[in-house]
Amino acid sequence: MWRTSTDRWCAWSPPPTARYSRRARSSIFQRRTRTAAIRAPSSRSPTLSNTGSTSATTLSEPASSIKARWRALGTSRALIPYLTAGFPDFTRSLEAIRAVAAAGADFVEVGVPFSDPLADGPTIQRTTQAALEQGMTVPRVLELVRKADSPIPIIIMTYLNPVLSFGMPRFVEAARAAGAAGVLLTDLPAGADPAVEQTVRDSALDLIRLVAPTTDDRRLETAVSGATGFVYLISRLGVTGARDTVPADLDAQVRRIRAVTRLPVAVGFGISTPAQAAAAARAADGVVVGSALLDALAQDGVAGLERLTRDLAAAVHG
């Protein structure tokens, strides 16, 4: 069994000691860390979720493009596509980012290809391998983000190893300069390396946090207290990929997160059809779709990707 970025044991993300480089292990595990849990208001209406973070994370920070986008949405829900950077190749990946923005997406996650994507299912593993074979590296991902010049906020989603190898201060500075609005470090447990987290915050990038169904109440408070932008709820255990239905307890999962943060809650993992996206949007503030869109891109090109994005956006926006 492996540990998720929410620091709970489940089946899809390896423990840091199994995957981090020596440099990463030194940064994370050779010093003791302590994270203060800050409790936000105990409950709130779902329609208030687009108002931003807890006071602990926003009073001294400039408004981000992610926060501004949530405010612009008002009570509407957000569609958040996930695209593997460099798939099928650099040019079409660039076209794909622009296509989902034109088709009604509200944010876009751009994934950094990594050779050991153990949180990901078959589709994203295939697209990751294809992107690596095309020569995608962290600098090329940043070039892609810059050239996309996206009208919607871009969140860079990455495993920790690639950006530690590149250099975390260098990465966040370059990501911000390229036009990224936030970063999601999929296998960095909240509080495991405060220096890395502070480096992200100092760059003015939003730090998106993952929360799993197995996250207990104490750990949940720790995870969301340092998050900005939004909280990403993994709707089910396992790897990414299409499923037949959304979890029956999704609404309860979202309510539990809303009890401890004013940040919007986006839900992902397993959502693939407009009907599923609409169901998820009734519970959460945002809906993340990855594998289904990448399958459409692989099978029908950018035009197919754009068609599915329009259908998903219509379902999410209601």
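Numbering (numbering that gives the first Met the number 0), first residue to last: 0 to 317.
Built from N, CA and C at the ideal position, the CB exists for glycine as well.
- Between the stretch 108-124 and the stretch 279-290, the count of C-beta pairs closer than 8 Å reaches three or more; the two stretches touch.
- If you check the CB distance, I96 and V109 come in under 8 Å.
- Under the DSSP assignment, L293 falls in the alpha helix (DSSP H) whose first and last residues are 290-316.
- When A302, G166, F113, L311 are compared, the shortest CA-CA separation from A278 is found for L311.
- Using a Cβ distance threshold of 8 Å, S202 and E172 count as a contacting pair.
- With 16 or more neighbouring CB atoms inside 10 Å of its own CB, T260 falls in the buried class.
- For S234, the CB contacts under 8 Å within the same chain, skipping 5 residues up- and downstream, are P212, V245, P246, L249, Q252, V266, G267, F268, G269, I270, A279 in chain order.
- CA-CA distance, R218 to R255, rounds to 12 Å.
- Residues of the same chain with a CB within less than 7 Å of the CB of L93, apart from the 5 flanking positions on each side, are L143, K146, A147 in chain order.
- The beta carbon of G228 sits closer than 6 Å to the beta carbons of I65, G181, D205, I207 from its chain, once the five residues preceding and following it are set aside; these are given in chain order.
- Contact annotation: the stretch 184-193 does not touch the stretch 123-141, with fewer than three C-beta pairs closer than 8 Å.
- Check the Cα spacing between M156 and each of A174, A191, P168: the tightest is with A174.
- Annotated three-state conformation of V245 is coil, per DSSP.
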